[in-house]
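Let me begin by presenting the structure, written as structure tokens, before commenting on it.
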Amino acid sequence: MEYNKPQIITFDKIGSSQLGYITIAETQKNVPFEIQRVYWTYYTPHDVTRGGHAHKELQQMIFAVSGTIIFNTEDKDGNKETFTLDHPTKGLYIPKLVWRDIQFSHNAVLLCLASEIYDEEDYFRDYESFKETVGKK
Ligand code: TYD
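Take a look at the structure:
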């Protein structure tokens, strides 16, 4: 698998409808980076768009452990895609330099596995400066 563009990865599940399920994410096994940080977001109203940024170095594996989450992405080459996380087995891998806007169903819980600890300097929060910077690469 080539991890140079955003993509949905379907993780295995163990269990049954009678007992429930477990899904496992492990560094280097099905997550292609060392996990340094985990965060989750919740209670985002349906009419709010989060995201609105790209990262200089950070890689992420993102799950909707509950609900539905829609990502609109734009990579460094200007390719725009929409990804829908609507099942707990689906992970969205996002490499560095991908702009994203995110919308949530009312019950959505986003779980993010991240390759770096938090660093505000790693963010492009301004779309024009993201486009200008990656356009020069
Ligand atoms: P942000 O990354 O902008 O979230 P989203 O893409 O979900 O809108 O972060 C929201 C706020 O939380 C911002 O003030 C930075 C802070 N934050 C941390 O302090 N540490 C973290 O690990 C993250 C992800 C965010």
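Each residue of the sequence shown is one higher than the last, beginning at 1 in UniProt numbering. Quick reminder that beta carbons are idealized off the backbone N, C-alpha and C, glycines included.
Between the alpha carbons of Lys-13 and Ile-24 lies a distance of about 8 Å.
Note that the region 113-126 touches the region 28-48; at least 3 beta-carbon pairs, one per stretch, sit closer than 8 Å. Restricting attention to Glu-74, Thr-89 and Ser-105, the CA atom closest to the CA of Gly-15 is found in Thr-89. A residue is called buried once 16 or more other Cβ atoms fall within 10 Å of its Cβ, and Arg-125, having fewer, is exposed. Of the residues assessed, Tyr-93 falls on the buried side of the cut-off, its CB having 16 or more other CB atoms within 10 angstroms. Per DSSP, the continuous beta strand (DSSP E) segment holding Thr-82 begins and ends at 80-85. Distance from the Cα of Val-109 is smallest, within the candidate group Lys-80, Ile-62 and Gly-51, for Ile-62. Its Cα nearest to that of Tyr-127, the residue Ala-54 stands out among Gln-7, Glu-121 and Ala-54.
The residues Lys-13 and Gly-15, in chain order, have a CB closer than 6 Å to that of Tyr-21 in the same chain once the five nearest residues on each side in sequence are set aside.
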